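Following: one structure in structure tokens, then a few remarks.
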Amino acid sequence: MFKTSVIFLAISFLIFIPAVSYQEQNTGSVEVTIKNENGDRVTPDSLSVKVYQDFSNVPFKEITSLLDNPFVVDSLPLGHKYKFEVYMNDLYGDAAFIDLQKSPGKLEIIIKNTGGLRLSVFYSDGETPLANAGVWIKSSDGKIWGYSATDENGQTLRVWLYPTMKDTDYYYAEVLLGPGLKYTQTPIKLLPNVAQELKVVTNWPTIVDKLITVEVYNSTKAKVGKPDGEFVAQLYDSKKNKLGESSVSDKGLAGFANLNVGNYALYIKSKSADGILTTVASKKITISGSENVFKVYLNNPDLNSEYLNCNCVAFRLDDVQDYFLNGAQIDILNTFEQKQASLTIGIIANVFGDDPKLLPLIKGA
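Each residue of the sequence shown is one higher than the last, beginning at 133 in my numbering.
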């Protein structure tokens, strides 16, 4: 019995020890340090890394969240060449190669310094500064990397961002004056080590010289007339300042002219014989120069909702294929955003809620 046990233990060691040693001896690790052009280590929170083995176009490893710099990439089979691609804010930074014949290996990757960007935003004449507008700087995947309000000269604060090193990488700027008033400047290429100035000329006129016509209806099809009484239309800005008043004609029409681009509140008030005004309908309107006729319904207030006519396109994102098609879906969403077009999105099932690329894009829209 004793001899049998000894033989069994000896066989066990022969079987298991070489297997463990073989595994340990045929994989290795690489210590990676990422620095900028000044020789300083880059803060890791904005970095991600893709590791490719030999000539493969498919990442062997992806590290999307770094806690330290330098950091160690382990479990790499020895006897292979590896390419390490560094991304900053999801933009391509640079790459370095290592032939891993023995472990551990060491690799240093130098990425470009950040570049500065300041925008000067103007009305469509290219000369009048656009003040008090919100400006968001986003990367091509829709992530926000900077925000600033424009000053009296139409200038934003300068933001320092990682440069765009690939043709497919770019930033874009969204200029917002308020709900429904958005202009997109794209693409924006950013150079390293340079404080860039970018002039943005929006498509908004300084003054909307078109006559803004108000049509007042007593039903869904018929405008008010003399039998309905006397009405006036009043226009207020976002600070509740009254900007103008126009009598409603017996054909149900009123008008305003020489307005600034912006969001307004339109009130229709009935006028009694002794001149007392009573609000009978209201509507929020956006003056941008592209639309100059607004309809107000006295007896159908639901038709005065700003959400009634969204001029949008509705489609669904099938979560079953999100992880395979989210690149194309992101491009579709960005196209609508850059064209300043409203969009209604339908989502099927629950898997979508975990998509790491689409979910932040939609939440940030």
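All C-beta atoms, glycine included, are put in the ideal place defined by N, C-alpha and C.
The structure presented is a predicted model; accordingly, all values stated were derived computationally and were not measured.
Non-local C-beta neighbours of Asn-325 in its own chain, meaning closer than 7 Å and more than five positions away in sequence, comprise Asn-245, Gly-247, ordered along the chain. DSSP places Pro-319 inside the beta strand (DSSP E), whose first and last residues are 313-320. A residue is called buried once 16 or more other Cβ atoms fall within 10 Å of its Cβ, and Glu-259, having fewer, is exposed. The three-state secondary structure of Ser-272, taken from DSSP, is coil.
For Phe-216, the enclosing beta strand (DSSP E) has its first and last residue at 212-220. Beta-bridge partners assigned by DSSP to Glu-377: Gln-366. Sequence-distant Cβ neighbours of Val-190 in its own chain, meaning closer than 8 Å and more than five residues away, are Tyr-184. For Pro-261, no beta strand (DSSP E) encloses it, and the DSSP letter there is neither H nor E.
Looking only at Val-253, Lys-371, Lys-383, Leu-409, the smallest Cα-Cα distance to Val-364 is reached by Leu-409. Following the DSSP letters along the chain, one finds Asn-395 inside the beta strand (DSSP E) bounded by residues 394-403. DSSP places Trp-292 inside the beta strand (DSSP E), whose first and last residues are 291-293.
Under DSSP, Asp-226 shares a beta bridge with Val-218.
The C-beta separation of Lys-427 from Glu-347 comes to about 5 Å, placing the pair in contact by the 8 Å criterion. Ranking Asp-177, Trp-336, Tyr-349, Ala-281 by CA distance to the CA of Arg-250 puts Ala-281 first.
Counting only runs of 3 or more residues that sit fully inside the segment 325-356, the beta strand (DSSP E) segments are 327-333, 344-349, in chain order. Residues of the same chain with a CB within less than 6 Å of the CB of Lys-331, apart from the 5 flanking positions on each side, are Ser-252 in chain order. Under the three-state reduction of DSSP output, Ser-178 falls in the helix class.
When the alpha-carbon of Thr-300 is set against those of Asn-285, Gly-312, Ile-320, Leu-309, the nearest one is in Ile-320. A residue is called buried when at least 16 other Cβ atoms come within 10 angstroms of its Cβ; Ala-265 meets this threshold and is buried.
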